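Under this note's numbering, the first residue of the sequence shown carries the number 724, and numbering increases by one thereafter.
Note that CB positions come from ideal geometry on N, CA and C, so glycine has one too.
Note that the coordinates shown come from a computational prediction; the quantities given were computed from them, not determined experimentally.
What follows is one structure encoded as structure tokens, with my remarks underneath.
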Amino acid sequence: MPIVKSFPPFKYRDSVTLRSWFKFENEYIIMNHSVFHAAAPLRKQYIRAISYLSGYIVRKTGPDSCFFGFVTQSDPRGKFPSWAVNRVAQIIAPKTVAMLIKAARAYPEWKAKNTPTMKPWIFPEQNKLAPLNLSDVCSAPDVKIDATDEEEGCQVTDVAPPIVPDDAISEPCGGDSDGLVEEDTVANNATPASSPAQTPITIG
724 MPIVKSFPPF
734 KYRDSVTLRS
744 WFKFENEYII
754 MNHSVFHAAA
764 PLRKQYIRAI
774 SYLSGYIVRK
784 TGPDSCFFGF
794 VTQSDPRGKF
804 PSWAVNRVAQ
814 IIAPKTVAML
824 IKAARAYPEW
834 KAKNTPTMKP
844 WIFPEQNKLA
854 PLNLSDVCSA
864 PDVKIDATDE
874 EEGCQVTDVA
884 PPIVPDDAIS
894 EPCGGDSDGL
904 VEEDTVANNA
914 TPASSPAQTP
924 ITIG
């Protein structure tokens, strides 16, 4: 279950998502959406965020270049007003992309020293996780979508953008396991701005 750090006095968010990836000749597509699973009940110290549909597309554009796209329709729930969520997303998204670029550049050297042949996203037979038990998956949400269960009295009303702490985005954790691990992540729980915004990022 990914953990998303927040800023006081708001609680951290967690989420439970089902992820799928598709490999085509010149592109990868990775998508996820929230699921409600018996093995991942609600935890009091977190607010369960909802990802309606989130994903990435990576498309080859040249020998040493690619197009990277990210889209999400998510709800952090709690008492975050929509303007605050959108403003934070505009800050988080470019930082997330920059973090992924840094990780991608370092990955070949790291992978060569860490189980270089272990790639379950390419070779499904390497996946050692137990098969999905459909009876553990709820057909309806196990949370009240409209609940506001933030700390009492916490409500963002100022028109100024919230401050996103530097540690809200962590370096990607090592390993290629697809097991249930807790990791610091932001990509799956940001809500896009009301109007599309593009921010150039220098990667050269």
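If distances are taken between C-alpha atoms only, which option among 789, 755 and 790 comes closest to residue 774?
755
Could you spell out the range, first to last residue, of the beta strand (DSSP E) harbouring residue 746?
740-746
So for residue 813, helix, strand or coil by DSSP?
DSSP places residue 813 in helix when its eight states are reduced to three.
Quick check on the DSSP output: the beta strand (DSSP E) that includes residue 755 runs from which residue to which?
750-757
Start and end residues, beta strand (DSSP E) containing residue 791:
Per DSSP, residue 791 belongs to the beta strand (DSSP E) from 788-798.
Distance, Cα to Cα, residue 786 vs residue 748?
Straight through space, the alpha carbons of residue 748 and residue 786 are spaced by roughly 14 Å.
Looking at the unbroken beta strand (DSSP E) that takes in residue 785, where does it start and where does it end?
For residue 785, the uninterrupted beta strand (DSSP E) run begins and ends at 773-785, by DSSP.
So, with DSSP's three-state summary, where would you put residue 828?
helix
Report yes if the CB atom of residue 772 is closer than 8 Å to the CB atom of residue 859, and no otherwise.
no
Within 8 Å, do at least three Cβ pairs link the region 810-828 to the region 786-799?
yes
Assuming residue 791 and residue 820 make a contact with CB atoms under 8 Å, what is their CB distance in whole Å?
7 Å
Residues that residue 736 bridges to, as DSSP identifies them
727 and 770
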